[in-house]
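Take a look at the structure below.
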Amino acid sequence: MSAIPSSSSATGGRLPGFVEVDNTAETPGRRATLVSHMDRFNQVTRQVCQVAESKRPPFAWYAAFAVSLSLVGLLGFCVTYLFFAGVGVWGLNNPVMWAFDITNFVFWVGIGHAGTLISAILFLFRQKWRTGINRFAEAMTIFAVICAGLFPGIHVGRVWLAYWLFPIPNQMDMWPQFRSPLLWDVFAVGTYFTVSLLFWYVGLIPDLATLRDRAKGTIQQFAYGLFSLGWRGSNRHWHRYERAYLLLAALSTPLVLSVHSVVSFDFAVSQLPGWHTTIFPPYFVAGAIFSGFAMVVTLAVPARQLFGLKDMITLRHLDNMNKIILVTGCMVGYAYSMEFFIAWYSGALYEKFAFVNRAFGQYWWAYWIMVSCNVITPQLFWFKAIRTSIPLMFILSLVVNIGMWFERFVIIVSSLANDFIPTSWDFFTPTWVDMSTMLGSFGLFGTLFLLFCRYLPMVAIAEIKATMPQANPHWEGWHAPTSHGGAGSAQAAHASPSATHAPDAS
Amino acid sequence: MSRFLFPRWTNALLPFVLVLGAVAPLYAVMFVAYGFSPKTTEAGYMPVQPVAYSHAVHAGKLGIDCRYCHTTVEQAGFASVPATQTCMNCHTQIHRDSPKLEVVRKSYETGMPVEWIKVHKLGDYAYFNHSAHITRGVGCVECHGRVDQMEEVSRVSPLSMGWCLECHRNPTDRLRPVDKVTSMAWDQKAEMTRQQREALQQTFNIHPSENCSTCHR
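Protein sequence lines correspond, in order, to chains A and B. According to the working numbering, the first sequence is numbered sequentially starting from 2. According to the working numbering, the second sequence is numbered sequentially starting from 40.
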């Protein structure tokens with residue numbers, strides 16, 4: 002699988018015979034290793050940077066990029082066609098006025114949540130294993146929100162008036178409806194994107210400086226230099242960086258909960274049976290984290306394989322993520338059953354019908370795909386053998402992604418298709434434009450992600466070094482160089498593993 | 040180590056970059072809000088008409104009532120543009136051979152109307168009814184300005200939605216007795232007290248709607 006040319010990297014050549022270290026077991030009193038096979042800081046730097054520094058990426062990257070880029074072309078074509086012909090090219094019609102567009106929107110926004118959870122909440126809780134996966138999970142968040150933002154933008158019908166989504170002063174004296182959750186959504190997703198982007202970028206600065214310092218070409222030196230904002234790794238830089246990072250983590254933490262809550266208000270605030278439920282905000286947030294982690298696993302498994310990151314994204318990382326998938330999968334399953342219970346317990350005729358119809362009505366197949374993918378499949382993660390099996394977790398994460406897409410489809414379409422008046426009932430059938438636009442959004446996501454993998458450090462180099470035992474000043478393997486004396490060696494040992502001066506710990 | 044750090048002279052750019060970053064979005068919003076507004080793009084529109092007809096002479100100096108020509112304004116949504124016959128009521132007697140009236144005479148002979156250019160054009164998506172306003176005390180001058188002083192008619196109002204709403208939200212000061220509707224020089228703020236205008240609003244039972252469907256039917 003690995004196609005990294007051994008000449009471009011000192012450690013890449015080791016990969017074909019790579020032995021996966023099982024660091025999933027808990028040993029009391031000892032911290033599990035989060036970085037395997039490496040005992041020097043610059044090995045980490047080299048291993049991460051070699052992706053951006055190699056002359057050409059592995060063949061699989063080209064193959065994936067070709068597919069993704071073609072899908073972006075398809076997306077461009079579909080969107081252009083939509084603009085010229087109008088939303089009638091989609092399968093939407095009265096009473097199903099929202100279908101694939103909003104399904105894709107909610108799906109993509111949900112995907113993003115894992116990135117923010119990893120980067121913010123796990124950071125505040127000092128979960129050190131986050132350092133292996135946070136960088137590309139955050140990148141995934143940003144790209145997912147871009148894909149999500151596309152759909153409300155294009156589904157408005159008259160796209161040239163899409164700026165009406167924002168409260169901009171205008172000659173019409175016209176403002177968006179501030180009482181509508183659709184406007185709250187604009188603010189929620191906008192804030193989410195801005196904060197995620199800032200968080201991601203601030204975290205990238207030291208690593209961009211590392212790439213700048215290692216870059217051979219002038220263009221690379223200038224580009225990485227420009228975006229690393231003159232970072233030189235001084236103590237003052239690090240101090241401010243750590244403050245900024247902490248503040249951004251604190252800012253993002255409420256967003257993990259608020260964004261998808263607000264997205265759920267789009268439905269919960271309306272009066273449609275099947276939408277009008279108070280369980281929606283927590284249920285949506287759990288579903289978002291569930292799908293987000295599934296997507297992180299889906300991306301992590303090939304990425305670590307392809308770019309030689311198995312030492313930093315270890316089995317323990319994957320095992321932890323699978324546990325989160327299991328937990329959130331159970332929450333989602335609980336929410337599904339509670340919806341049914343409340344529909345029965347409320348005694349509301351329409352509510353009862355909506356849920357029976359969901360499971361046994363015209364969209365029964367979508368409902369049972371959803372249940373089997375989201376509730377039954379994750380239960381397999383109770384078994385450690387499955388949690389630590391790379392092929393199985395990859396397949397299961399894909400299954401969860403499919404299930405979560407269907408969850409949004411079931412909620413949106415089955416509720417709309419059979420509302421209060423039987424005479425207005427209808428069946429939504431997607432057109433080829435619906436299908437292609439959805440595929441195209443995956444292409445956009447893939448293209449952005451592959452470009453990120455190629456040109457930016459996929460793992461937080463500076464952060465992950467701090468989780469290595471060698472970074473601990475009391476590390477037993479540390480031998481102070483005798484020539485420098487006590488004070489000098491203590492200083493060297495305390496120095497953060499900075500971008501520009503990664504200390505060699507031997 | 041050859042690495043790119045920002046050269047010293049870039050420090051001088053920092054304040055500009057910061058100011059630009061802060062001001063540019065505000066500028067863009069204001070540019071669209073005010074620059075694209077009909078206040079900027081359309082108010083003052085004064086096309087050259089096929090006939091050099093002077094409202095200043097007819098409505099101002101001669102004091103012809105607006106309704107002499109725009110006959111339907113009290114009964115219909117649309118204030119009609121007069122037929123050539125209306126012009127010829129007088130001009131068969133006065134200035135019979137004026138070269139300025141050549142187009143009008145030709146129209147009278149052939150029966151083909153003069154192609155006047157519309158100055159006050161609302162979008163097709165906006166419904167406006169002249170009679171609803173005229174018969175309840177909104178003077179012509181409120182929207183059209185001092186037409187009696189215009190040699191050639193130009194647009195004084197932006198006719199934007201915000202401009203319509205301005206009056207719909209606060210109609211009291213724009214009201215006058217119905218018999219003063221067409222008098223251009225008469226100013227209700229000088230001639231009437233606020234109480235009188237409020238009484239007028241009561242009498243006419245004016246509660247302007249701001250719903251979308253009031254105008255976008």
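Here a beta-carbon is modelled for each residue, glycine too, at the ideal position from N, C-alpha and C.
- For B:Lys-160, no Cβ of chain A is located within less than 8 Å of the residue's own Cβ.
- Under a criterion of Cβ atoms nearer than 8 Å, the residues of chain A adjacent to B:Phe-43 are, in order, Arg-213, Gln-222, Phe-223, Tyr-225, Gly-226, Leu-227.
- In terms of CA proximity to B:Ala-122, B:Val-143 leads the group B:Val-143, B:Gly-116, B:Gly-162, B:Gln-114.
- Around the C-beta of B:Asn-209, fewer than 16 other C-beta atoms lie within 10 Å, and the residue is accordingly described as exposed.
- Taking 7 Å as the upper bound on Cβ-Cβ separation, chain A lies near no residue of the stretch 122-145 of chain B.
- Residues of the stretch 153-182 of chain A with a C-beta less than 7 Å from any C-beta of chain B: Ile-169, Pro-170, Asn-171, Gln-172, Met-173, Asp-174, Met-175, listed in chain order.
- Flagged as an interface residue toward chain A: B:Leu-204, by a C-beta distance shorter than 8 Å.
- A:Gly-191 is outside the set of residues whose beta carbon lies under 8 Å from a beta carbon in chain B.
- For A:Tyr-284, same chain residues with a beta-carbon under 6 Å away, outside a window of 5 residues either side, are Ala-336 in chain order.
- Here B:Asn-168 carries a coil assignment [DSSP, helix/strand/coil].
- Under DSSP, the beta-bridge partners assigned to B:Leu-214 are B:Val-177.
- Runs of the alpha helix (DSSP H) spanning 4 or more residues and lying entirely within the stretch 391-423 of chain A occur at 391-410, in chain order.
- Residue pairing for A:Asn-94: DSSP places it in a beta bridge opposite A:Val-97.
- For B:Glu-148, the uninterrupted alpha helix (DSSP H) segment begins and ends at 141-149.
- Interface annotation, B:Gly-201: in contact with chain A, CB-CB separation under 8 Å.
- Contacts between A:Gly-231 and chain B, judged by CB atoms closer than 8 Å, involve Leu-44, Phe-45 in chain order.
- Contact of B:Val-68 with chain A is assigned, a C-beta pair being separated by under 8 Å.
- The three-state secondary structure of B:Val-112, taken from DSSP, is helix.
- Cβ neighbours of B:Pro-89 within its own chain (closer than 8 Å, five residues either side excluded): Val-142, Val-153, Glu-154, Trp-155, Ile-156.
- For the stretch 74-87 of chain B, the set of positions with a beta-carbon nearer than 8 Å to some beta-carbon of chain A reads Phe-75, Ser-76, Pro-77, Lys-78 in chain order.
- The C-beta distance from A:Ala-355 to A:Pro-274 rounds to 4 Å, short enough to fall under 8 Å.
- Contacts with chain A at 8 Å (Cβ-Cβ) include B:Ala-72.
- Taking 8 Å as the upper bound for CB-CB distance, A:Trp-109 and A:Ser-442 are in contact here, some 7 Å apart.
- A:Cys-454 is the residue among A:Cys-454, A:Asn-473, A:Arg-233 whose C-alpha sits nearest the C-alpha of A:Met-141.
- When secondary structure is reduced to three states using DSSP, A:His-277 falls in the coil class, being assigned neither helix nor strand.
- Nearest to A:Phe-200 by alpha-carbon distance, out of A:Arg-159, A:Glu-243, A:Tyr-164, A:Trp-232, is A:Glu-243.
- In this chain, A:Asp-427 is not harboured by any alpha helix (DSSP H), its DSSP state being neither H nor E.
- DSSP, reduced to helix, strand and coil, places B:Ala-95 within a helical segment of the structure shown.
- Contact note: B:Pro-247 does not reach chain A at a C-beta cutoff of 7 Å; the least C-beta distance is about 14 Å.
- A:Gly-30 sits exposed, since fewer than 16 C-beta atoms from the chains shown fall within 10 Å of its C-beta.
- Separation of the CB atoms of A:Gly-293 and A:Ile-103 is rounded to 18 Å, and the pair is thereby denied contact status at 8 Å.
- Taking a cut-off of 8 Å on C-beta distances, the stretch 213-220 of chain A does not touch the stretch 139-157 of chain A, as fewer than three cross pairs fall below it.
- Annotation for A:His-240: the continuous alpha helix (DSSP H) segment containing it runs 236-269.
- Straight-line measurement puts the Cα of A:Val-460 at about 14 Å from the Cα of A:Ser-37.
- Close CB contacts of A:Cys-148 within its chain, under the 7 Å cut and outside five residues either way in sequence, are with Trp-109, Ser-442, Leu-445, Phe-446 (chain order).
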